[in-house]
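Going down the list, the protein sequences come from chains A and B. Read in order, the letters of the first sequence are residues 1 to 181 in my numbering. Read in order, the letters of the second sequence are residues 182 to 771 in my numbering. This report refers to the structure that appears directly beneath it.
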Amino acid sequence: MAKVKIATDWLAGCAGCHMSFLDIDERIVKLLESVEFTSSPITDLKHPPEEGVTVGILEGAICNSHNVEVAKRMRERCQILIAVGDCAVFGGVPAMRNLCGTQEALKRAYLETESVVDGVIPDSPELGTPLPMVTGIDKVVKVDLFIPGCPPRADAFYYALTELLAGRTPVVLPPELFTYD
Amino acid sequence: MDTVTITINGRQVDVPPGTTVLNAARQAGIDIPTLCHFPSLIPIGACRLCLVEVKGQRNPQPACTFPVTQGMEVQTDTPRLYEMRKFILSMLFSERNHFCPYCELSGSCELQDLGYRFGLDHFLFETYTKPFPLDASHRHLVIDHNRCVLCARCIRACSEIAANHTLGLGNRGAATLISCDADAPWGESTCVSCGTCAQVCPTGAIIDRRSSYMGRNRQLDRVASACNRCSVVCAMKVAVRGGRVVRIESDWEAPVNGGLLCERGRFEPLHDERERVTEPMIRREGRLMAATWDDALEAAAEKLRGAGGADLGVAVSGDATNEALYTAAKLFREDLGASYLGLLNRNVPKLSGRSGTLADLATSDLVIVVGVDLMKEMPVAAYLSKRAVDKGARLIVVDDGDNGLAPFASLTVPTSDIASAVAAAAAAGRPVVLHGGVTGETAEALKKIADKASFIAMQPGVNAFAATALGFNGDGRAAGTKVLYMILGEQTVGQVIPGQFTIVQAAFRSPAVEGADIVLPSAVWSERAGSLTSTDGRILKADKAVEPAGSAKADWEILALLAQKMGKKSLSFDETSQAALIEIKGKERA
Chain A
1 MAKVKIATDW LAGCAGCHMS FLDIDERIVK LLESVEFTSS PITDLKHPPE
51 EGVTVGILEG AICNSHNVEV AKRMRERCQI LIAVGDCAVF GGVPAMRNLC
101 GTQEALKRAY LETESVVDGV IPDSPELGTP LPMVTGIDKV VKVDLFIPGC
151 PPRADAFYYA LTELLAGRTP VVLPPELFTY D
Chain B
182 MDTVTITING RQVDVPPGTT VLNAARQAGI DIPTLCHFPS LIPIGACRLC
232 LVEVKGQRNP QPACTFPVTQ GMEVQTDTPR LYEMRKFILS MLFSERNHFC
282 PYCELSGSCE LQDLGYRFGL DHFLFETYTK PFPLDASHRH LVIDHNRCVL
332 CARCIRACSE IAANHTLGLG NRGAATLISC DADAPWGEST CVSCGTCAQV
382 CPTGAIIDRR SSYMGRNRQL DRVASACNRC SVVCAMKVAV RGGRVVRIES
432 DWEAPVNGGL LCERGRFEPL HDERERVTEP MIRREGRLMA ATWDDALEAA
482 AEKLRGAGGA DLGVAVSGDA TNEALYTAAK LFREDLGASY LGLLNRNVPK
532 LSGRSGTLAD LATSDLVIVV GVDLMKEMPV AAYLSKRAVD KGARLIVVDD
582 GDNGLAPFAS LTVPTSDIAS AVAAAAAAGR PVVLHGGVTG ETAEALKKIA
632 DKASFIAMQP GVNAFAATAL GFNGDGRAAG TKVLYMILGE QTVGQVIPGQ
682 FTIVQAAFRS PAVEGADIVL PSAVWSERAG SLTSTDGRIL KADKAVEPAG
732 SAKADWEILA LLAQKMGKKS LSFDETSQAA LIEIKGKERA
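This is the structure we're talking about:
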């Protein structure tokens, strides 16, 4: 049987969810017998292949126009999209900025922070444009499975992937793996 | 009709009339989710999570406020209710900042628990992002309105438990906020810092500065304790982590103070920065020098052996536990024949009349407070009096100066006019008299209602009730004795009389410690097991929550070790506790 292809990517996140996934430790060897990780931010190949994957995993919130593009690209190229971590699911820590507003947050970070000298708010065309509201990815693309947690436990990743491999779609994680923090 | 029969989910349940559907269900072991409900508070049906289907009712009804009627048929767990509850919960999550990772309450938050229970793995609605204010103007407490679910538990606790009515609701609709005194910064409001609101808040909206972010609930151990800050002696729970006291909470099940503590009990012990006595000391060549326990106890024993009964005195502060008082009474009075047993705090003699308890305040229709400022001295007794006033009782304050309860009294009279208070009590049904030290004339006037009223002597010393019962009734001036043994505990009262050989067991540095010849370090409230007797005769036990500072020991243990040194019999803690209880209760009956 051909291996199931999985691609991961991250948006406005801290990489913590990817790290937590790696905490499945030696079980990854077993997992690799049946899956192939085509691309991820922590491998040589960064972008999900154009021919598509079965499972796409996204970490991080939607903060700027770049995040929207990455999320949409992953959605187009995968059959099952999993939002992992509080940022991808709810907005998480980046969404704290909603409480003061994007412009206020940029001003505070780039102009008013005590260590700043001659600060400027970056506006390079190469950068994504910050959005007025930080959201979870389900506000931009359809999400098939949510794994909240900050980060989700390694067991939650393992549970979700093995369930999918067994042909079952976990609707909600079992209580012991379901956490908001 | 004594009971009403209803069916819940097809099961028959018999409950007294007037029971709510929620309580009937709980009695039958049927779980209905709740959020705004709290057992000690009057239910208001604010959150709607407890909605149930009642046959014959067009819409689902909140179980927490809906009373049962004969033959009622209730469904608590239908798919429609599940969807409704999930919808309500999603609305609650969408209204404000309910992100868990950076919230103090994550792990013990009732909103979070419900999110898990209903499998809320993403927001069903867009979150409302208008920031709400955060009020950190209070000395001990912080309210972050962004985490508030408007369950009004804090408001109800402030009114029903603390009878203080500081908290209320401000604004309307989605902009509704908990507000203090209509719209004052919390720190400048009429708040009395009892902290009950923080204890009932189901989310991380009200947190206390001292304990926040010092450990998740699951990392804390709870130890039963009794407050030693005044003679009301409130039952409390101490939250401990890593050998340190993190937080003090009230015990909801406690018969008198249930849910209630005051600023002195809940917060002040956590900010006690007085210098501790951490090791035994013996005065050598005019200076206090560190010594081993063995040497210090031997030196003390030798001195006590050498002193005749007439030369020997013992003085206790109100902080001594029942066990210490019993052990001291046995050693000094019975074994050594000490001529003087004194109490360093003023003792309030009980007025003749029926002895009441603070629980009587709950059913009283007239409360007379005479010769004591409860707001200052015993705040929880003041709150209980105010609660009685809220229930319709009249409060009469008899005081010649300012009294913290005067603003809540229907009548405030000088002691010269005690007669009018007595006349009112004579006309009342169940009067309660809370008194401090009073003059002979006042005592005489109060005799008129001796048969009718409950009298409670409000002792200024914490454990003065037990001290008096065990015979420590000297006035604290032990002149004439050559050797004086002082049991100060956490108090810093007492003076050393020049020429008198003084042995002091104390937890903190004080003038008496500085002047002593032998100093024995004693543990503070959280570091020792022991029981205290409240001013109305309740006996409350405290367990040891943390290890003592330095080599300090429990007050009773020091005395037991001393008795052993002197070749006298000493009892175990449990034996001492039991013997003390019998002695105190026996004396009380006599």
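Glycine is no exception: its CB is placed at the ideal position from the N, C-alpha and C atoms. Values in this document were obtained by computation on a predicted structure and should not be read as measured data.
Contiguous alpha helix (DSSP H) assignments of at least 4 residues, all confined to the stretch 227-311 of chain B: 260-276 and 291-298
Could you check whether the stretch 437-450 of chain B touches the stretch 405-416 of chain B, counting it as contact only if at least three pairs of C-beta atoms, one from each stretch, sit closer than 8 Å? yes
In the stretch 319-334 of chain B, which residues sit with their C-beta less than 8 Å from some C-beta in chain A, listed in chain order? Asn327
Whole angstroms are fine: how far does the CA of Val458(B) sit from the CA of Glu41(A)? The question names Glu, yet the displayed sequence has Pro at residue 41(A). So the alpha carbons of these two residues sit roughly 59 Å apart.
Are the stretch 517-530 of chain B and the stretch 682-690 of chain B in contact at 8 Å, needing three or more beta carbon pairs? no
Measuring only between beta-carbons, confirm whether Cys100(A) sits less than 8 Å from chain B. yes
Straight-line Cα distance separating Ala509(B) from Gly655(B): 14 Å
According to DSSP, is Ala166(A) helix, strand or coil? coil
Quick check: is the beta carbon of Met133(A) nearer than 8 Å to any beta carbon in chain B? yes
Kindly say whether Phe178(A), judged by its beta-carbon, lies nearer than 8 Å to any beta-carbon of chain B. yes
Taking a contact to mean a Cβ-Cβ separation below 8 Å, would you say Val612(B) touches Glu558(B) in this structure? A quick correction: the sequence has Pro, not Val, at residue 612(B). Contact flag unset, no.
Along the chain, which unbroken stretches of the alpha helix (DSSP H) at least 4 residues long are found entirely within the stretch 639-720 of chain B? 645-650 and 692-696
Chain B within 8 Å of Phe157(A), Cβ atoms only: no
Counting only Cβ-Cβ distances shorter than 8 Å, please list the residues of the stretch 297-320 of chain B near chain A, keeping chain order. Tyr297, Gly300, Asp302, His303, Phe304, Glu307, Thr308, Thr310 and Pro312
Examine chain B for any beta-carbon lying closer than 8 Å to the beta-carbon of Gly136(A), and answer yes or no. yes
Would a check of beta-carbon distances place Cys17(A) closer than 8 Å to chain B? no
Quick one: is Lys133(B) buried, meaning 16 or more other Cβ sit within 10 Å of its Cβ, or exposed? Given that chain B is displayed from residue 182 to residue 771, the structure contains no residue 133(B) and the question cannot be resolved.
Short of 7 Å Cβ to Cβ, which residues in the stretch 256-280 of chain B face chain A? Asn278 and Phe280
Any heavy atom of the ligand FMN closer than 7 Å to the CB of Ala166(A)? Within the structure as shown, the ligand FMN is missing, as the structure has no ligands at all.
For Ala660(B), which residues of its own chain have a beta-carbon under 7 Å away from its beta-carbon, when the five flanking residues on both sides are left out? Ile678
Please confirm if Asp86(A) has its CB atom under 8 Å from at least one CB of chain B. yes
Cross-chain neighbours of Asp23(A) in chain B, by beta carbon under 8 Å: The contacting residues do not exist; Asp23(A) stays about 18 Å from chain B at best.
So for Arg445(B), helix, strand or coil by DSSP? helix
How is Ala771(B) classed by DSSP in three states: helix, strand or coil? Low per-residue confidence applies at Ala771(B): pLDDT is 45, beneath 50, and the placement is therefore not dependable, though the value from the model is reported in the following sentence. If DSSP states are grouped into helix, strand and coil, Ala771(B) belongs with coil.
Can you tell me where the beta strand (DSSP E) with Met133(A) in it begins and where it stops? Pro130 to Thr135
If you reduce the DSSP assignment to three classes, tell me which class Arg527(B) lands in. coil
Does Ser289(B) come within less than 8 Å of chain A when only Cβ atoms are used? no
Reduced DSSP category for Leu99(A) - H, G, I as helix; E, B as strand; rest coil: helix
Just to confirm, is the Cβ distance from Pro461(B) to Leu740(B) under 8 Å? no
Strictly below 9 Å CB to CB, what residues from chain B border Ala95(A)? Asn278, Phe280, Thr308 and Thr310
For chain A, check one thing: does any of its Cβ atoms lie closer than 8 Å to the Cβ of Gln293(B)? yes
Buried or exposed by the 16-neighbour rule on C-beta atoms within 10 Å, applied to Gly552(B): buried
Could you tell me the alpha carbon to alpha carbon distance between Arg73(A) and Arg192(B), rounded to whole angstroms? 54 Å
Distance, Leu131(A) Cα to Cys87(A) Cα: 15 Å
Can you find the residues in the same chain that come closer than 8 Å, C-beta to C-beta, to Pro48(A), ignoring five residues on each side of it along the sequence? Ala7, Asp9, Thr38, Ser39, Gly56, Arg73, Met74, Arg77 and Cys78
For Ala606(B) and Ala379(B), the rounded distance between their alpha carbons: 37 Å
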